[in-house]
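Report on the structure given below.
There are 4 protein chains.
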Amino acid sequence: MQAAAAVDLEDKLQDAGATHAFTGVTPAVAVHVLWDFPQGFDAGVVRLAKKHGVKIGAINPNVFQDQCYKWGSVTNRDPAIRAKAVGHILDCIEIGRGHGQPESLAVVHRRHELPRPGRRPPAEGLGGGRLQEDPRSPPPQHDHAPGVQALRAGLLLHRLLRLGRQLRPVQVVRPRAKVLVDTGHHLAACNIEQIVAWLISEGMLGGFHFNDRKYADDDLEVGSIDPYQAFRIFSEIAGYEWETGRDLDIAYMIDQSHNLEPKVQAMIRTVCRVQELFAKSLCVDREALAAAQAKEDVILAEETLRAGFHMDVTPLLAAVRKKLGVPAEPLWAFRESGYEARAAAERTAKRKALGISEDASYA
Amino acid sequence: MQAAAAVDLEDKLQDAGATHAFTGVTPAVAVHVLWDFPQGFDAGVVRLAKKHGVKIGAINPNVFQDQCYKWGSVTNRDPAIRAKAVGHILDCIEIGRGHGQPESLAVVHRRHELPRPGRRPPAEGLGGGRLQEDPRSPPPQHDHAPGVQALRAGLLLHRLLRLGRQLRPVQVVRPRAKVLVDTGHHLAACNIEQIVAWLISEGMLGGFHFNDRKYADDDLEVGSIDPYQAFRIFSEIAGYEWETGRDLDIAYMIDQSHNLEPKVQAMIRTVCRVQELFAKSLCVDREALAAAQAKEDVILAEETLRAGFHMDVTPLLAAVRKKLGVPAEPLWAFRESGYEARAAAERTAKRKALGISEDASYA
Amino acid sequence: MQAAAAVDLEDKLQDAGATHAFTGVTPAVAVHVLWDFPQGFDAGVVRLAKKHGVKIGAINPNVFQDQCYKWGSVTNRDPAIRAKAVGHILDCIEIGRGHGQPESLAVVHRRHELPRPGRRPPAEGLGGGRLQEDPRSPPPQHDHAPGVQALRAGLLLHRLLRLGRQLRPVQVVRPRAKVLVDTGHHLAACNIEQIVAWLISEGMLGGFHFNDRKYADDDLEVGSIDPYQAFRIFSEIAGYEWETGRDLDIAYMIDQSHNLEPKVQAMIRTVCRVQELFAKSLCVDREALAAAQAKEDVILAEETLRAGFHMDVTPLLAAVRKKLGVPAEPLWAFRESGYEARAAAERTAKRKALGISEDASYA
Amino acid sequence: MQAAAAVDLEDKLQDAGATHAFTGVTPAVAVHVLWDFPQGFDAGVVRLAKKHGVKIGAINPNVFQDQCYKWGSVTNRDPAIRAKAVGHILDCIEIGRGHGQPESLAVVHRRHELPRPGRRPPAEGLGGGRLQEDPRSPPPQHDHAPGVQALRAGLLLHRLLRLGRQLRPVQVVRPRAKVLVDTGHHLAACNIEQIVAWLISEGMLGGFHFNDRKYADDDLEVGSIDPYQAFRIFSEIAGYEWETGRDLDIAYMIDQSHNLEPKVQAMIRTVCRVQELFAKSLCVDREALAAAQAKEDVILAEETLRAGFHMDVTPLLAAVRKKLGVPAEPLWAFRESGYEARAAAERTAKRKALGISEDASYA
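Chains as they are written, first to last, in our numbering: chain A, 5 to 367; chain B, 5 to 367; chain C, 5 to 367; chain D, 5 to 367.
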């Protein structure tokens, strides 16, 4: 527990505002309908976010916490529960559209539905038959690709709205679904960058939940354990865009758990690290790489890729940040800003005033 | 090295004949075009197989050993090598049809093409773009599903023959491809039975390469490390057939490496173990299981499944074997038959006559 | 959440009593000092346990929940915190001795100290130097053996008490420490039964925390995913005892998390499953196995081991249970006993009376 | 197969000489007694090595290829085979001393003895009892620490020589054994740098077999998949030496398999990469790191470590290489030297002259 931890939604928005103020690239905050608005969505929050310099981004539905979802939500055996889950997801999308979030997307964590390996005992009837029987169930194959744990159901359902709120059979829905890659969920030894390459090639890459892991789903900071893997993923994106001249539309989200690190520092560092690794992937000499590949010169190809990774991108990032009007070194600037000490004092006082335990923190 | 190891193709066919004679359920022998017929397919081998009571089954093409395939076969950058590889595969199918193998299938190991994770250094350009560019490349997604390392390209190409030897674009080819599941290739922690269930549901399960592993691709005997996993896989098949009343057309193949075990004993034991585990999956009380699932009674559902696993199927298998006219206990009967000692003597003499090192064995 | 979930410590003891009443082999309940006795150990609980037919077993110290342990407990850089942690552990042992628990052991989860791989970011200074610098730190090697996550610090510290509460340097302490094997913590592909064999051989096997996993530390029911692995572990114990004629002193504990299964049913089933798999390991023909191993007859050796696994131990367990005066089929007997419905009614009422949310359950 | 591949031992020594000539830091070549000297060690090879600017380093015994070792070597059940294996290892050490290799070490791959997980079927009797029974067996615990697959038996046995060729019981031997860490053998998710830190702390780190892997034991180039992990390992060494002022005596060896890369290029690149990552670890500001750790400032500590990893060490390495009199960029210099084309021509001719297949290469 940290004294500077958020006590309420406003603190959370204030922290998000600080992260944006120091990095210039995180204008949107994802919210959880159930956790952030237990009494229903409060439109006032849009103004509150604006006050702190950010806006409301993804609206995460919650179809796993309520006891009624114990045996599944959109694939529950009970049609009434399926209907409730779908209705809740559609509501989230409506909320998003209401506050002017044009591409309003809602993330449905697939793992809460067809659970991750091992989360359920055998004999649960997760067989093929059942997946087919309900045309409204999300397409089954995504969970089978390791590292791909979640559907970007927002896109899926958002488009369906245009069909008059009628959910269409799987074979129609499937092409519209996109995949959200959580960078810490793939099985050990899985070639995650190859999967990303394939998703791009199939037009199915929706976005990322960034984090890293050493043991399992540790939700550590992205790139803190295996920065070269993150670089290789970014490199697939940069390479595809270079090759095709097309811009990919990808949602980048941070999904980490900071047990030991002060939260805002951890968020700012994460943003900087993603920028750094992405910038390195942009520094790869694509023409040289393509030429080496064409000659099957594996030594030269790999050295060309590695040269990008070892490129010093500090000047490049400094230039970008100057343009954005943010400090050249966001993390050190934040540490010196006094924000954390101020937040700690204010929030300790707020906790005392509200009679809240000092161990409590806002989710 | 074992004295009883096969010296030539006839020994291999004789061993296959012995395995079939003692089990009654392995009438076909897969052959490798390059290894078994270095001078081109010899039709006399069909008669030789018949002499030993077996027939020629799958014709495995070999598009990985020749130096020209160092940088890939059906997805090689060089169109001439792609054409050579495809031609060789089609030849294998023709050979199969020639010797009266109606469903003649040729297995293309996908891993020799888009290599398994880690087999190649990064920077090899395995990007999405490349996969798309060649309509003749095998569908890319199969390797991404863990545990699914190989395409059942025989079915794929066999059907294509009817299109006049014209390979069609990926989107046409893909629905015809089936997947061969190697039971020891999936990544650790992967829910392999769920993938099998999905493949069945999608009509994409082509068959199995049976083996087991503890560390990685150890190619140990199927069920020797995790018999319950093999049972759960079979249970998905049995459950689907019970639920739909349909018979699945699945190719069961053994793909093991016996470093320590005498080979024919290991093969006979493997066949018996597969029978045993499959029989147990047939003993699951499907009605009770479905009823428990419908009530979400996880305790009862799992106990129903487990009851099948712990069922003593010895009497059932004895009855089946009586009907097939083979010994009730094939492994013990074989060990007492004297076959191994006879083969050791004959083959040692043959090695001496041919001046072959006693360390050499026929692949 | 389940209506029959325990509301308070008495409910927990009542459930433990029911488990013991139906199985006859679980007389002791482990307690957590902090969770079960937030106001300090209450000696009345010993009588309460007795009323429900059980006794208090292991006293688990809690050196991880308090904020002061954020940076470690017995290896914290601050000597005052190290002293506090050690003092708390010694208190737990005193408590155990006080209520007549002669072998009173306290389990220190090593992972809360030198955290499991990935739980901490790099750069934390977990280097060798630090481990040495404090003679009171628990011996470092145990965490390195995969699957061995916890020290049986009770034995460790209990013996130290005899040295006058003076903690001795690592080289002295180490021989006294024993290892508690959590059957779901070892890394994937790790040969856990070989580690157990080695621990036995070195006199270092303290006991087990039973559970199973498919993905990571899922804490599923022991034997629910890989019953053959559990059998092989038991088989190492049975084999050692047969070979040496010695009885091993091993603490068997259940450490599972039942998210979906009704808790008492899950506990009774777990106990039965452990009995079943252990009984199977006792049915292995040890003389035949040793003879086959001596001849390096791997086929016969493995079939001898497998014969034990496939032995039907139902009659054996029925006889044991008759002698213990418990039902022959504890799980089915419990399900028919009406205990669950009664507990649900009583505890729902209790929750209402206490104004406790129906989502709350006693840890 | 590559035209420039070595045809005989002299080619191998010539390649080693080239690697040393371009890097200046690889003066010694490890040899395999059985493979390099099928007719017994040839002292002339020492002169041959000298001619090519290198010397003979580790003498690897081979106690796994001969059929007599099928069931184990130094732990074989048959005392005659154990004696033969031990004798062969001692011979290797004598050979090493004979050619003036003062620290003459022989590497015994433990995995050929107590095989890696999964390499043998269950029921093989790898139990604790057996390990104890033979005082000459290598200490059992090393294999259990993941990532530690081999004993540096040279040190072990070399010291034993001083005891008059009498092998002493395990408890005596154990303290003398050191561990050779193969950087690609540890189980997935294993915290290998923590193990290295512990081995250093215990005085048990003998050396490294460098390589990397993505899937399993791929034997890819060290640092090609996870350079940050290699850096963290080096950082433990650098940190210990900084902290204690002591120099560690560590044997650095390369143990890679280059299937696709031209061999000498791959070796030179590997050497450069190890230098690069080690140099980075030396650039970590140890005082700043220690200060951050002392304050538990995890953000600052990690940034301090990362700053070393991202340091551009090109100038430092250029200076070192200038001093050594080798090219500043060994890989590019080698590629431009024409060595490979010359070797290809000469060796193709040699193959033709000797009637050797062009697919053959010297091990």
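Beta carbons are placed, not taken as given, at the ideal position from N, Cα and C, and that holds for glycine.
If you're wondering where the values come from, they're calculated on a predicted model, not measured in any experiment.
Ends of the alpha helix (DSSP H) at residue i?
i             : result
residue 238/A : 231-248
residue 36/C  : That residue, residue 36/C, is in no alpha helix (DSSP H); its beta strand (DSSP E) goes 32-36.
residue 24/D  : 13-27
residue 81/C  : From DSSP, residue 81/C is part of no alpha helix (DSSP H); its letter is neither H nor E.
residue 336/B : 334-340
residue 326/C : 318-328
residue 191/D : Counting along the chain, residue 191/D falls outside any alpha helix (DSSP H), and DSSP gives it neither H nor E.
residue 217/D : Looking at the DSSP string, residue 217/D is not in any alpha helix (DSSP H), and its letter there is neither H nor E.
residue 360/B : From DSSP, residue 360/B is part of no alpha helix (DSSP H); its letter is neither H nor E.
Rounded to whole angstroms, how far is the Cβ of residue i from the Cβ of residue j, which I believe are closer than 8 Å?
i             : j             : result
residue 309/A : residue 239/A : 7 Å
residue 313/B : residue 235/B : 5 Å
residue 200/C : residue 209/C : 7 Å
Taking residue i as part of the beta strand (DSSP E), name the residues at either end of that continuous run.
i             : result
residue 255/A : 255-258
residue 59/D  : 59-64
residue 211/A : 209-214
Tell me whether the beta-carbon of residue i lies closer than 7 Å to the beta-carbon of residue j.
i             : j             : result
residue 99/C  : residue 45/C  : yes
residue 62/C  : residue 17/C  : no
residue 230/B : residue 230/C : yes
residue 72/D  : residue 60/D  : no
residue 323/A : residue 332/A : no
residue 223/C : residue 261/C : yes
residue 197/A : residue 237/A : yes
residue 2/A   : residue 366/A : The structure shown does not extend to residue 2/A, since chain A spans only 5 to 367, so no value can be given for it.
residue 334/D : residue 272/D : yes
residue 214/A : residue 254/A : no
If you draw a straight line from the alpha carbon of residue i to that of residue j, how long is it in whole angstroms?
i             : j             : result
residue 146/A : residue 194/B : Annotation note: pLDDT 31 at residue 146/A (below 50); position unreliable, no value reported.
residue 305/C : residue 6/B   : 18 Å
residue 216/D : residue 36/B  : 32 Å
residue 20/B  : residue 33/B  : 7 Å
residue 203/D : residue 189/D : 16 Å
residue 282/D : residue 361/B : 47 Å
residue 66/D  : residue 96/D  : 9 Å
residue 3/B   : residue 298/A : Since the first and last residues shown for chain B are 5 and 367, residue 3/B lies out of range.
residue 250/D : residue 205/D : 12 Å
residue 285/A : residue 41/A  : 39 Å
residue 74/D  : residue 276/A : 55 Å
residue 226/C : residue 13/B  : 47 Å
residue 266/D : residue 211/D : 26 Å
residue 269/C : residue 342/C : 12 Å
residue 264/D : residue 296/A : 14 Å
residue 344/D : residue 8/D   : 6 Å
residue 278/A : residue 302/B : 43 Å
residue 357/A : residue 287/D : 49 Å
residue 292/C : residue 218/D : 42 Å
At a threshold of 6 Å, does residue i count as lining the ligand ADP (C-beta to nearest heavy atom)?
i             : result
residue 197/A : Questions concerning the ligand ADP fall outside what the structure shown contains, since it holds no ligand whatsoever.
Pull out every residue of the region 227-243 of chain D whose Cβ sits closer than 8 Å to any Cβ of chain E, in chain order.
Going by chain labels, chain E is absent from the structure shown, which instead holds the protein chains A, B, C and D.
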